[in-house]
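Heads up: the structure comes next, in structure tokens.
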Amino acid sequence: MNSTSSGAPQADSVTLHRNVQSLREIWQEATQSPLRQQDVSVLHAWRALAHPRVIAYQAAGILILCGIFSRFALAAGLALALSLTIIYWYYKALHVRLEFRRRPFSGAIREGDAVDVIFEVRNLSDFKLPYWTLEDRFTASRHAHFRDVREPLSARALTRVSYRRHCDSGMGDFQLGPTEISFTDPWGFFEYRVRDESKPQIRVHPLVVQIDELKVQPTPDNLHFGLHETLGRGVSVNFSGVRPYNQGDSLRQIAWRLSSRGEGLIVKEFEKSVAVDVQLVLNFAGVWQLGRDSISTWEMMKDLTLALLRQQIEQGNRVGVYFPHVMHETSGGMEHFHRVAERIVDYDRQAILQTPHVALLDHYRAFFPRRSHIVYVSPFQRGELERSRASLRSLRAESHPVTVVAIDTHSVWRQHMSDLRDVPIGLTLQFADLERELMELKAEGMDVQIVRWTSSSEKWLRLESLRPDSQAAESAGEGVPRGGPA
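Just so we're aligned: the sequence shown equals residues 0 to 485 in the working numbering.
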């Protein structure tokens, strides 16, 4: 482990790394022990002999054998065997006539939405269904498994079962099911299952959140410099109007005289003077990712990309988006936004984890318009920064304005540490002093922004500018809010 960095966050990171390494070693030793691999499997095989059905059949067989010496034992054995047969076919007939179906969802589903899953269960037989259990899976939720024990259901009766889940596993396609209804006879002799192996898919659309304004730098060499003056609102000197204050607006734009009338804060707006070409380069390589489901660096990158893309398009800028195996050349308009959004939503977890490291900045360099603003979005790891620093310097030397948006993996790690049952994918990755490493890029004239884990209730992504003071490092590992990504 590299220990060249100093400071409190470095020490804290080393401690976390060692603790998880020791936990993993304990887990490996336990799973590789003879008790786990051999004795437990043997005990599990013998455990089946204690099932009430096996005991009942054994008792019936023993009584029938004893019938050689006693007619009473023979009668008892035959009666027991006949009773087991009647019980089996009684509940088998009920099992065959038991039907259920899932009611379809209405409307589009977005991240964070609460979804009600409703089943209709019908007992078409002439027998009463005893206590029964319904099990289902809703993978769009971090709490995917559902299990509920239900009251007995009368013959020819219909009932509804519903449960609610929040779509907090991120965006994309998810599966429902398999669904299963199981029940036993009152004595527990036989177990019956009605199973639906079909796994219908639902699509969770992204919730495009608000984000702090990303400052982009136009240059006179930009191909579209000055072609349209008022297509969007920005930081021109030409006043265009006022509107209510929104979270994230600069305090310098507040019209204090109008705000003093008691109708809330009012913000002044100005025309946008130039169009800027912005290139979003996304490092989705699996080797640098950390997390699981919605608590992951790649899910934060997806949310961040959609927020940045919409923000820049609404300001009249043209945006190109590049990530492994996918390239959307520079364009503008909401049609371009929706095209890119579909590709990002479909870029699922497996595709991300199987993506090798590619020098994206060099790979797509020929497609960047001259002196366009490069926004490089990546999870922060020391090894990744060492690989990409030369490319960033080269782009800066070519007069490309460069902004590095670093996903703070430390904050994602701390969220996982709140529940030791969640084992992050990047288990062996080390965490360094985030601000200290990125200060070198800022000293070279590059803009550096940091995105940390934020509460899902805020529906807001924070772009924090790198602070050069000594207290910035101390805040890297402290005060990380709990919850999902915005």
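From the three backbone atoms N, C-alpha and C, an ideal C-beta is built for every residue, glycine too.
- Item | Endpoints, the beta strand (DSSP E) within which Thr178 is located | Thr178 to Thr183
- Query: Arg149 bridges to which residues according to DSSP?
  - Reply: Trp131
- Item | C-beta atoms of Ile180 and Phe126 nearer than 9 Å | no
- Residue range of the beta strand (DSSP E) that Val339 falls in? No beta strand (DSSP E) holds Val339; the alpha helix (DSSP H) holding it covers Met333 to Asp345.
- Item | The alpha helix (DSSP H) enclosing Glu385, as first and last residue numbers | Arg381 to Ala396
- Message: Can you list, in chain order, the residues of its chain with a C-beta nearer than 6 Å to that of Gln252? Leave out the 5 residues immediately preceding and following it.
- Response: Val266 and Lys267
- Query: Between which two residues does the beta strand (DSSP E) harbouring Gly187 extend?
  - Reply: First-last for Gly187: undefined, no H or E at that position.
- Query: Going by DSSP, which residues form a beta bridge with Ala405?
  - Reply: Ser377 and Ile449
- Proximity of Leu73 and Leu62 at Cβ, strictly below 9 Å: yes
- In angstroms, rounded to a whole number, what distance separates the CA positions of Tyr162 and Glu110? 18 Å
- Message: For Arg364, which residues in the same chain have their Cβ closer than 7 Å to its Cβ, ignoring the five residues on either side in sequence?
- Response: none
- alpha helix (DSSP H) segment containing Asp361, residue limits: Leu359 to His362
- Query: First and last residue of the beta strand (DSSP E) that includes Gly171?
  - Reply: Gly171 to Gln174
- Message: One question on the structure: do Thr402 and Val447 come within less than 9 Å of each other, judged by their Cβ atoms?
- Response: yes
- Message: Beta-carbon within less than 8 Å of Ala358's beta-carbon, same chain only, minus the 5 sequence neighbours each way: which residues are those?
- Response: Arg386, Ser387 and Ser390
- Just grab the DSSP bridge partners of Phe104 for me. Note: Phe104 sits in no beta bridge, so no partner.
- Query: With distances taken between CB atoms, is the gap from Arg381 to Glu436 smaller than 9 Å?
  - Reply: yes
- Query: So, Arg317 versus Val286, is the Cβ gap smaller than 9 Å?
  - Reply: no
- Host beta strand (DSSP E) of Leu289 (start-end): Segment: none, Leu289 is in no beta strand (DSSP E) and carries neither H nor E.
- Residue span of the beta strand (DSSP E) that contains Tyr244, given as start and end: Careful: Tyr244 lies outside any beta strand (DSSP E) and carries neither H nor E.
- Taking the alpha-carbon positions, what's the Phe173 to Ser140 distance? 9 Å
- Query: Looking at the structure shown, is Gln310 part of a helix, part of a strand, or coil, going by DSSP?
  - Reply: helix
- Item | Own chain, CB closer than 7 Å to Phe336, minus 5 neighbours either side, in chain order | Leu308, Arg309 and Ile312
- Query: Should Tyr321 and Leu384 be called a contact, given that it needs their Cβ atoms to be closer than 9 Å?
  - Reply: no
- Message: My output table needs one value for Ala92: the three-state DSSP class, helix, strand or coil.
- Response: helix
- Message: Quick check on Met262: buried or exposed, where buried means 16 or more other Cβ atoms within 10 Å of its Cβ?
- Response: Correcting the residue identity first, residue 262 is Glu in this sequence and not Met. Exposed is the call here.
- Does the Cβ-Cβ distance between Pro199 and Arg348 come in under 9 Å? no
- Task: Just mark Pro205 as buried or exposed, buried being the case when its beta carbon has 16 or more other beta carbons within 10 Å.
- Result: buried
- Determine the direct distance from the alpha carbon of Val215 to that of Phe370, and round the result to whole angstroms. The sequence shown places Arg at residue 370, rather than the Phe named in the question. Their backbone Cα atoms lie some 12 Å apart in a straight line.
- Task: Answer yes or no: do Thr158 and Glu134 have a C-beta to C-beta separation smaller than 9 Å?
- Result: no
- Is the stretch 176 to 194 touching the stretch 281 to 297, taking contact as three or more C-beta pairs under 8 Å? no
- Message: Determine whether the beta carbon atoms of Asp292 and Val203 lie at a separation below 9 Å.
- Response: no
- Run the CB neighbour count on Glu298, radius 10 Å, all protein chains shown included, and call it buried at 16 or more, exposed below. buried
- Message: Need the endpoints of the beta strand (DSSP E) that Val277 sits in, please.
- Response: Asp276 to Leu281
- Report the option in Gln353, Phe366 and Val450 whose CA atom is closest to the CA atom of His327. Phe366
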